[in-house]
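Input: a single structure, listed below in structure tokens.
Residue numbers (this note's numbering): 239 to 304.
Put into structure tokens, the structure is as follows:
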């Protein structure tokens with residue numbers, strides 16, 4: 239944890255470690271326990287939002303996709 243003050247201000251800022259979890263085979267695991275190669279693989283992953291994907295066409299039951 240790191241504390242710092244800036245200039246004449248008496249405000250103190252605290253930095254706290256943020257633990258990141260990833261879903262691995264059905265359960266969540268913290269990534270800080272992974273080796274460096276697996277951590278880099280996690281950082282290189284590309285995510286996307288299915289709500290922004292245009293699938294086009296129709297669904298299996300014949301409805302048009304919006």
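In this text, a Cβ means the ideal position worked out from N, Cα and C, and glycines have one as well.
What did DSSP end up calling residue i once you bin it into helix, strand or coil?
i, result
"residue 266", "strand"
"residue 251", "strand"
Do residue j and residue i have their beta-carbon atoms positioned less than 8 Å apart in this structure?
i, j, result
"residue 259", "residue 253", "no"
"residue 286", "residue 269", "no"
Grab the span of the alpha helix (DSSP H) containing residue i for me, first residue to last.
i, result
"residue 293", "Note, residue 293: premise wrong, no alpha helix (DSSP H); not H, not E."
"residue 287", "Counting along the chain, residue 287 falls outside any alpha helix (DSSP H), and DSSP gives it neither H nor E."
"residue 279", "274-282"
Considering only C-alpha positions, which residue in the set the options is nearest to residue i?
i, options, result
"residue 257", "282, 263, 272, 250", "272"
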